[in-house]
Amino acid sequence: MSLFFISDLHLDASRPDCLTAFLKYLGERRHGEDLYILGDLFEVWIGDDHETALSLSVIEALAACPAEIYFMPGNRDFLIGGEFAEATGITLIEEPHVIRINDERVLLLHGDSLCTQDEAYMRIRPMLRDPNFQKQLLMKPTAERLEIAGDAREKSQAHTSTTELDIMDVTPQAVIDALIDNSATTLIHGHTHRPFDHERVLSATTGRRIVLGDWGKLGWHIHLADGALVLDSFSI
Ligand code: MN
0 MSLFFISDLH LDASRPDCLT AFLKYLGERR HGEDLYILGD LFEVWIGDDH
50 ETALSLSVIE ALAACPAEIY FMPGNRDFLI GGEFAEATGI TLIEEPHVIR
100 INDERVLLLH GDSLCTQDEA YMRIRPMLRD PNFQKQLLMK PTAERLEIAG
150 DAREKSQAHT STTELDIMDV TPQAVIDALI DNSATTLIHG HTHRPFDHER
200 VLSATTGRRI VLGDWGKLGW HIHLADGALV LDSFSI
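With numbering that gives the first Met the number 0 applied, the sequence shown corresponds to residues 0 to 235, in that order.
What follows is the structure in structure tokens.
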């Protein structure tokens, strides 16, 4: 079994080096491998109908990739939908998603649902993930959606820079609850941009939480090597 996990590339026209690195990464994937993209592949996604040079090159590369690709939307690209899936041949998955590795249940999340101390964000999250809200949003003209996305991004950046760092990290109890609720022993997620392989999350558990990193100067992934999950980085 060949498995790969990535997240938080935050692809954007202003960061061509990240796009190049992603295209190279896809080019290295082989038939028979599974690649899981755990959200925030794009910095912003306002709908599958909005074509940009960036979206077109990513769609083309995903479609050409011989690996089986699974995509779990994050808090920035939650508007990715069926058209994107069809054009790329990827499989959309919803969180929580559990896979089996060596008879072990491994829970996959983007990670934002674990940051429960960020009350301002947790209040709007159900609305953002509501299919009816998304439908209404997607009916708005592109220009208006771009404006809304720009506003949201500015607010989010202002919020992130004024929110205490530990509030932006996961709540330990939320990790435990997610593992227990899904009968899983390992959790893989991104979102927090704090790549680390946490063994034994809390003293009471023997869980493992592997956090993917965002792509910047380094790219991050988790892969299965000799039957074990390994968190690795590489230069971009
Ligand atoms: Mn995120």
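Every residue gets a Cβ at the ideal spot worked out from N, C-alpha and C, and that includes glycine.
Could you tell me the alpha carbon to alpha carbon distance between Asp168 and Ile45, rounded to whole angstroms? If you take the alpha carbons of Asp168 and Ile45, they lie about 26 Å apart.
Taking Cβ to Cβ, would you say Glu94 is nearer than 7 Å to Met71? Yes, Cβ-Cβ distance for Glu94 and Met71 is below 7 Å.
Apart from the five residues just before and just after Leu18, which ones in its own chain have a Cβ nearer than 8 Å to its Cβ? Cβ neighbours of Leu18 beyond the five flanking positions: Leu10, Leu53, Ser56, Val57.
For Phe77, which three-state DSSP category applies? Phe77 sits in coil when the DSSP states are folded into three classes, being neither helix nor strand.
Cβ of Gly73 within 6 Å of any heavy atom in the ligand MN? In terms of side-chain proximity, the C-beta atom of Gly73 is found nearer than 6 Å to a non-hydrogen atom of the ligand MN.
Which residues mark the beginning and the end of the beta strand (DSSP E) in which Leu164 is found? Per DSSP, Leu164 belongs to no beta strand (DSSP E) and is neither H nor E.
I believe Ser1 touches Leu223 by the beta-carbon criterion, under 8 Å. Please report the beta-carbon distance rounded to the nearest angstrom. Indeed they touch by this definition, with Cβ atoms about 7 Å apart.
Whole-number beta carbon distance between Leu78 and Gln133, since they are thought to touch under 8 Å: The C-beta separation of Gln133 from Leu78 comes to about 6 Å, placing the pair in contact by the 8 Å criterion.
Can Ile209 and Asp225 be called in contact, C-beta distance under 7 Å? It is not a contact, given that the beta carbons lie outside the stated cut-off.
Shorter than 6 Å, the distance from the beta carbon of His49 to the closest heavy atom of the ligand MN, or not? For His49, the CB stays at least 6 Å from every heavy atom of the ligand MN.
Residue range of the beta strand (DSSP E) that Phe3 falls in? For Phe3, the enclosing beta strand (DSSP E) begins and ends at 1–5.
Mapping DSSP to helix, strand and coil, what is Ser13? In the structure shown, Ser13 sits in coil (DSSP, three-state: anything other than H, G, I, E or B).
Please confirm whether any heavy atom of the ligand MN lies closer than 6 Å to the CB of His190. Yes, the ligand MN has a heavy atom inside 6 Å of this Cβ.
Within 7 Å, strictly: CB atoms of Thr185 and Val105: Yes, these two residues count as a Cβ contact at 7 Å.
What residue range does the alpha helix (DSSP H) around Arg208 cover? Unbroken run through Arg208 is the beta strand (DSSP E), 207–210; no alpha helix (DSSP H).
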